[in-house]
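Working notes for the structure below.
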Amino acid sequence: MIVFDKLWITMKKLGFSTYKLREQCGIDSKTIRRLKANENIETKTLDKICSALNCKIEDIAEFINNNDN
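So in the working numbering the end of the sequence shown lands on 88, straight run, no missing numbers.
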């Protein structure tokens, strides 16, 4: 499972609000809701976020293995 918990930490460090992120990335409030719920996000959206925050993908997303194996 991909989680976006690191996104909120990175945004806080950089002083980015969700409003500022939406304005700089051109993403809508539905996408912000999807990020908060750890739902599927298009890679082009992730690219826009990384560009706006000037960060790497690992600064905003993390893979968590939720298998019981």
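Cβ coordinates follow ideal geometry from the N, Cα and C atoms, glycine included.
Residue i classed as buried or exposed, judged by whether at least 16 other C-beta atoms fall within 10 angstroms
| i | result |
| --- | --- |
| Phe-23 | buried |
| Ala-56 | exposed |
Test item: CB-CB of residue i and residue j under 9 Å
| i | j | result |
| --- | --- | --- |
| Thr-29 | Ile-51 | no |
| Ile-79 | Leu-26 | yes |
Whole-angstrom distance between residue j and residue i, CA atom to CA atom
| i | j | result |
| --- | --- | --- |
| Lys-31 | Asn-59 | 22 Å |
| Ile-21 | Phe-35 | 22 Å |
| Thr-62 | Arg-53 | 13 Å |
Open item on the list: Closer than 8 Å is the cut-off here; do at least three beta carbon pairs connect the region 64-81 with the region 30-49?
Closed with: yes
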